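When the letters of the sequence shown are read in order and numbered with our numbering, they come out as residues 18 to 350.
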Amino acid sequence: MQKKHQLSEPVASYLIKPVQRVTKYQLLLKDLLSCCEGHTGEIKDALEVMVNVPKKANDAMHLSMLEGLEDSLEALGEVILQENFTVWDPKQLIKKGRERHIFLFDMCLIFAKDSKDSNGKTKYMYKFKLMISEVNITEHIEGDATKFALWTGRAPISEYKIVLKAQTLDVKQVWVRKLRELIQERMMYIHEAFKDKQPSVFKQPPKISMPVRVQRELESDYDELPMGRCGSLSSMNSMATTVTTDSSSSGSSKNDVTIVVDDFAASNNSELTIHRGQQVEVIDLSPGQPNWCYVRTLQGEGLEQGQGLVPTASLKPIPRLLGPGSRSSLEFE
């Protein structure tokens, strides 16, 4: 046939390859749907599946090139999004953006470096990951509409902020929207978990008198506070009682009371706004997010009682708060 028609290329080069046929199927189904008047339910279902097949195939291909990840890929689940970004390291002395390929899963973000092997084949070398439960997002970065930032901790300060630049504004908007959805889902999960625990956690055990050492610490902290931000010392002492149950009984619990040393403004319904000088009862130190704890404010002069998540950095350290950080340093090199 090649000789008969005097073709310069072999016949196989004119045939559509299997991977190229993937995009043709949805076009065929669209034409078929337009020609059918009734009983189109199965055709619509097939079209919906085939519309997503090219993306899933592309995601799977890129994921297969990821190397150096210790976690099981099966444990991470399916890839939600994957894209190339320019990333700025907050701890890097020379503020130079680096090209990174980022994979978004339900539970985490995987950062990888694009490189080539000895045969010139592209591969992604794993650098680090961020858990969705640890990050927040800043959508707008001044000076560039395609940039956004991910940050950890209680405030978006530069030391903990990773700036990402998308290739287009549309790509940025898709990622920001999906990240916000995942973060919100995670916070709702934590909030619901605490609602289920409230009947047993908030049961008021017998109170004991406050030790003299704790009174002295409160007096020392009180002297350092602004006058307009706190009540009388007697009211503070009356609230700062360590709530305990009989330690000899099985299943005993203890809720520590501490002082707020730094203001924090809540950004969603699951968090709690607190002010320096307030007394709070630490209810749970493991709410599903490192460096956060679940507290309840104590009633005082002109203060309403509330409860929610706050960063541990805003509280005066107590023994239960002095645990090692769960997030390791980032690897950008």
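Glycine residues also receive a C-beta, built at the ideal position from the N, C-alpha and C atoms.
Treat the numbers as computed from the prediction; the structure is a model and nothing was measured.
Check: Can you grab the Cα-Cα spacing for the pair I102 / Q295, in whole Å?; Outcome: Ile is not the amino acid found at residue 102; the sequence shown has Phe there. Going from the Cα of F102 to the Cα of Q295 covers about 43 angstroms.
Check: Give me, in chain order, the residues of the same chain whose beta-carbon lies closer than 7 angstroms to that of D134; leave out the 5 immediate sequence neighbours on both sides.; Outcome: K140
Check: Does DSSP classify N285 as helix, strand or coil?; Outcome: coil
Check: Report buried or exposed for Q99, applying the criterion of at least 16 other Cβ atoms within 10 angstroms of its Cβ.; Outcome: buried
Check: Does any heavy atom of the ligand ATP sit closer than 7 angstroms to the C-beta of A74?; Outcome: Of the ligands one can find in the structure shown there are none, so the ligand ATP has no counterpart to examine.
Check: Quick one: Cα of L83 to Cα of Y143, how far?; Outcome: 7 angstroms
Check: With distances taken from CA atoms, which of T40, V274, E202 is nearest K333?; Outcome: V274
Check: Which residues does DSSP pair with S135 in a beta bridge?; Outcome: DSSP output for S135 lists no bridge partner at all.
Check: Helix, strand or coil: how does DSSP classify T40 here?; Outcome: helix
Check: Quick test of the definition: if touching needs 3 or more C-beta pairs under 8 angstroms, does the segment 145–160 touch the segment 182–202?; Outcome: yes
Check: Consult DSSP for N420 and reduce its assignment to one of helix, strand or coil.; Outcome: In the structure as shown, the chain starts at 18 and stops at 350, and residue 420 therefore has no counterpart that could be examined.
Check: Does the pairing of the segment 155–168 with the segment 80–96 give three or more beta-carbon distances under 8 angstroms?; Outcome: no
Check: Looking at the secondary structure, which residues open and close the alpha helix (DSSP H) in which H118 lies?; Outcome: H118 -> not in any alpha helix (DSSP H); beta strand (DSSP E) instead, spanning 115–121.
Check: Taking three-plus beta-carbon pairs below 8 angstroms as touching, is the segment 30–38 in contact with the segment 54–64?; Outcome: no
Check: Alpha carbon to alpha carbon, what distance is there between M124 and K108?; Outcome: 24 angstroms
Check: Quick one: give me the first and last residue of the beta strand (DSSP E) that I154 is part of.; Outcome: 152–155
Check: Taking the straight line between their C-alpha atoms, what separation do you get for M204 and R115?; Outcome: 31 angstroms
Check: With DSSP as the reference, label L32 as helix, strand or coil.; Outcome: coil
Check: Pull up the DSSP beta-bridge partners for R313, would you.; Outcome: E298, Q324
Check: For the putative contact between K164 and L181, defined by C-beta atoms under 8 angstroms, what is the C-beta separation to the nearest angstrom?; Outcome: 7 angstroms
Check: Please report the distance separating the alpha-carbon of Y311 from that of K34.; Outcome: 56 angstroms
Check: Can you tell me the Cα-Cα spacing of V188 and L49, whole angstroms?; Outcome: 32 angstroms
Check: Kindly give me the distance between the Cβ atoms of L326 and E288, rounded to whole angstroms, as I take these residues to be in contact under 8 angstroms.; Outcome: 5 angstroms
Check: At the level of alpha carbons, what is the spacing between P328 and C53?; Outcome: 59 angstroms
Check: Taking the CB atoms as reference points, tell me whether I291 and V297 lie closer together than 8 angstroms.; Outcome: yes
Check: What is the DSSP secondary structure of Q19, reduced to helix, strand or coil?; Outcome: coil
Check: For T103, which three-state DSSP category applies?; Outcome: strand
Check: Buried or exposed: where does H118 fall if 16 or more other Cβ atoms within 10 Å of its Cβ makes it buried?; Outcome: buried
Check: What is the DSSP secondary structure of E209, counted as helix, strand or coil?; Outcome: helix
Check: Start and end of the alpha helix (DSSP H) containing V70?; Outcome: 58–80
Check: Per DSSP, which one or two residues make a beta bridge with D161?; Outcome: I158
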